[in-house]
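> Here the sequence shown is numbered in my numbering, starting from 4 and rising by one per residue.
Below are the structure tokens for one structure; questions will follow.
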Amino acid sequence: MDKLLYTGKAKKMYQTDDPQVLKVVYTNQATALNGKKHDQIKDKGELNNEISTLIFQYLMKKGIPTHFIKKLNDTEELVKKCDMFPLEVVTRNVCAGHFASRYGLKEGAPIAQPVEEMFYKSDELGDPMINTSDILALSIASQDEIDKIWDLTRKVNELLKPLFADAGMRLVDFKLEFGKLADGSIVLADEFSPDNCRLWDIKTNAHMDKDVYRRGLGSLTDTYEKVLARVKEALAEED
Ligand code: ADP
Ligand code: TMP
Numbered sequence: 004m005d006k007l008l009y010t011g012k013a014k015k016m017y018q019t020d021d022p023q024v025l026k027v028v029y030t031n032q033a034t035a036l037n038g039k040k041h042d043q044i045k046d047k048g049e050l051n052n053e054i055s056t057l058i059f060q061y062l063m064k065k066g067i068p069t070h071f072i073k074k075l076n077d078t079e080e081l082v083k084k085c086d087m088f089p090l091e092v093v094t095r096n097v098c099a100g101h102f103a104s105r106y107g108l109k110e111g112a113p114i115a116q117p118v119e120e121m122f123y124k125s126d127e128l129g130d131p132m133i134n135t136s137d138i139l140a141l142s143i144a145s146q147d148e149i150d151k152i153w154d155l156t157r158k159v160n161e162l163l164k165p166l167f168a169d170a171g172m173r174l175v176d177f178k179l180e181f182g183k184l185a186d187g188s189i190v191l192a193d194e195f196s197p198d199n200c201r202l203w204d205i206k207t208n209a210h211m212d213k214d215v216y217r218r219g220l221g222s223l224t225d226t227y228e229k230v231l232a233r234v235k236e237a238l239a240e241e242d
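Set out below in structure tokens:
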């Protein structure tokens, strides 16, 4: 029997018989406002599991090291167990969300270059922004590890921008998480789904991500189904 290790806001993590392998169960829970708003959304778990599997497989094919082992069924996957960096690594290609509100800008306003931000992952503290000096002072990661994380993040951005563009969506921004394997190597972990990125329809700028839920703009299930169908189509053209 797999032992429940952690119940998160969107997934449950189980220890398998192999000490180096975890089972991830994607749930239907959606949260916003640091968990203050929460709802069950039909099929969200299986849609995110499928979308994240496709994205991780694509990134691995292009040389990005990840925790992903395999998809088990509709809502479950196996991953390599990591010692996670308690960091949310955000890249922004377009002004939106908290970047827009922080600087009093309109969403969609042009920015001269991608923005790179890190946040300290702590629900109690509300995920405060953190800089390199803080990370080094708190021994959260070494300078080498921070450099490696940003190097991988930039590569992910350069791989996913054109993939989503082929799928008719603008990759506005996204959040990644990284962890360390037993041998000390750094891998992309967690998930990549419309729960942790912003995608805007290339033609209409319509929201195709969790902002649909955060802002009450319509059906999240219908939106994620569209994202999945478009990503599948773009990947089929790739092959
Ligand atoms: P949250 O913790 O933000 O509520 P989730 O519900 O997505 O998020 O829970 C998944 C948890 O598992 C996160 O805390 C994430 O950092 C962690 N995690 C993701 N991948 C791995 C991994 N390969 N090894 C260990 N922990 C992981
Ligand atoms: P933000 O504009 O709210 O800071 O979000 C930037 C990106 O990070 C966006 O794609 C959503 C994602 N994100 C998460 O995945 N988890 C979070 O807790 C937050 C705040 C943002």
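Even for Gly, the Cβ is constructed at its ideal location relative to N, Cα and C.
Hey, G182 and D204 are a contact pair by Cβ (cut 8 Å); roughly how many whole angstroms apart?
As a position in the sequence shown, residue 182 is number 179, starting the count at 1. As a position in the sequence shown, residue 204 is number 201, starting the count at 1. Their Cβ separation, rounded to whole angstroms, is 32 Å, which puts G182 and D204 out of contact at 8 Å.
> Only counting the same chain, and skipping five residues up and downstream in sequence, which positions put a Cβ closer than 7 Å to that of D86?
Stepping through the sequence shown from its first residue, residue 86 is reached at position 83. G182 and K183.
> Hey, T224 and I58 are a contact pair by Cβ (cut 8 Å); roughly how many whole angstroms apart?
Taking the sequence shown and counting its residues from 1, the one referred to as residue 224 is at position 221. Taking the sequence shown and counting its residues from 1, the one referred to as residue 58 is at position 55. Incorrect: roughly 19 Å between the Cβ atoms, too far for contact.
> Using a Cβ-Cβ cutoff of less than 7 Å, which residues in the same chain neighbour A35 once the five nearest sequence positions on both sides are dropped?
As a first step, residue 35 must be located in the sequence shown, where it is residue number 32. Excluding positions up to five away in sequence, the list reads Y216 and R217.
> What is the C-beta distance between R233 and D214, in whole angstroms, given that I count them as a contact (C-beta under 8 Å)?
For the purposes of this step, residue 233 is identified with residue 230 of the sequence shown, where counting begins at 1. For the purposes of this step, residue 214 is identified with residue 211 of the sequence shown, where counting begins at 1. The C-beta distance from R233 to D214 rounds to 17 Å, too long to meet the 8 Å contact threshold.
> To the nearest angstrom, how far is it from the Cα of N310 to the Cα of Y227?
As shown, the chain starts at 4 and ends at 242. That puts residue 310 outside it, with no answer to give.
> Answer yes or no: the CB of N199 versus the heavy atoms of the ligand TMP, is any distance below 7 Å?
If you number the sequence shown from 1, residue 199 lands on position 196. It does: the Cβ of N199 is within 7 Å (strictly closer) of some heavy atom of the ligand TMP.
> Spell out a yes or no on whether the stretch 157 to 166 and the stretch 98 to 106 are touching, meaning 3 or more CB-CB pairs, one atom from each, closer than 8 Å.
no
> N52 and D21: beta carbons closer than 8 Å?
The count along the sequence shown starts at 1 and reaches residue 52 at position 49. The count along the sequence shown starts at 1 and reaches residue 21 at position 18. No; because the gap between Cβ atoms is not below 8 Å, this pair is not in contact.
> Is V118 near the ligand TMP - that is, is its Cβ less than 7 Å away from at least one heavy atom of it?
Within the sequence shown, numbered from 1, the residue matching residue 118 stands at position 115. No, since every heavy atom of the ligand TMP falls outside the 7 Å radius drawn around the Cβ of V118.
> Between E180 and the ligand ADP, is there a pair consisting of the residue's CB and a ligand heavy atom that are separated by less than 7 Å?
Here residue 180 refers to the residue found at position 177 of the sequence shown. Yes.
> Check whether the Cβ atoms of L3 and M132 sit closer than 8 Å, and answer yes or no.
Limits of the chain in this structure are 4 at one end and 242 at the other, which puts residue 3 out of reach.
> Report, in whole angstroms, the separation of the C-beta atoms of V24 and L81, which I expect to be a contact under 8 Å.
By one-based count along the sequence shown, residue 24 stands at place 21. By one-based count along the sequence shown, residue 81 stands at place 78. 6 Å between Cβ atoms; contact.
> Once the 5 residues before and after H70 are set aside, which same chain residues still bring their CB inside 6 Å of it?
Looking up residue 70 in the sequence shown gives position 67. Close CB contacts of H70 within its chain, under the 6 Å cut and outside five residues either way in sequence, are with V82, K83, C85, V190 and A192 (chain order).
> Just the C-alpha distance for E49 and M63, rounded to the nearest angstrom, thanks.
The sequence position of residue 49 within the sequence shown is 46, counting from 1. The sequence position of residue 63 within the sequence shown is 60, counting from 1. Roughly 21 Å separates the two Cα atoms.
> So is Y106 buried or exposed if we call it buried at 16+ other beta carbons inside 10 Å?
Residue mapping note: residue 106 aligns to position 103 of the sequence shown, counting from 1. Per the 10 Å Cβ criterion, exposed.
> Quick one: using the 10 Å Cβ neighbour count with 16 as the cut-off for buried, is K178 buried or exposed?
Position 175 of the sequence shown, counting from 1, holds the residue named residue 178. Taking every protein chain shown into account, the CB of K178 has 16 or more other CB atoms within 10 angstroms, so this residue is buried.
> So, helix, strand or coil for Y106, using DSSP?
Against the sequence shown, residue 106 aligns to sequence position 103. The answer is coil: DSSP assigns Y106 none of H, G, I, E or B.
> Using DSSP's beta-bridge definition, name the partner residues of K178.
Within the sequence shown, the letter at position 175 stands for residue 178. V93.
> Taking 8 Å as the cut-off, decide whether the C-beta atoms of V27 and E79 are in contact.
Taking the first residue of the sequence shown as position 1, residue 27 is located at position 24. Taking the first residue of the sequence shown as position 1, residue 79 is located at position 76. It is a contact, given that the beta carbons lie within the stated cut-off.
> Grab the span of the alpha helix (DSSP H) containing L163 for me, first residue to last.
Counted from its first residue, the sequence shown places residue 163 at position 160. Here the alpha helix (DSSP H) through L163 covers Q146 to D169.
> Pop quiz: K14 and L7 are said to be a contact at Cβ under 8 Å. What is the actual Cβ separation, rounded to whole angstroms?
Working through the sequence shown from its first residue, we reach residue 14 at position 11. Working through the sequence shown from its first residue, we reach residue 7 at position 4. Contact doesn't hold; Cβ gap of about 11 Å is too wide.
> When burial is assigned at 16 or more other CB atoms within 10 Å of the CB, is M4 buried or exposed?
Position 1 of the sequence shown, counting from 1, holds the residue named residue 4. By the neighbour-count rule (16 or more Cβ atoms within 10 Å), M4 is not buried but exposed.
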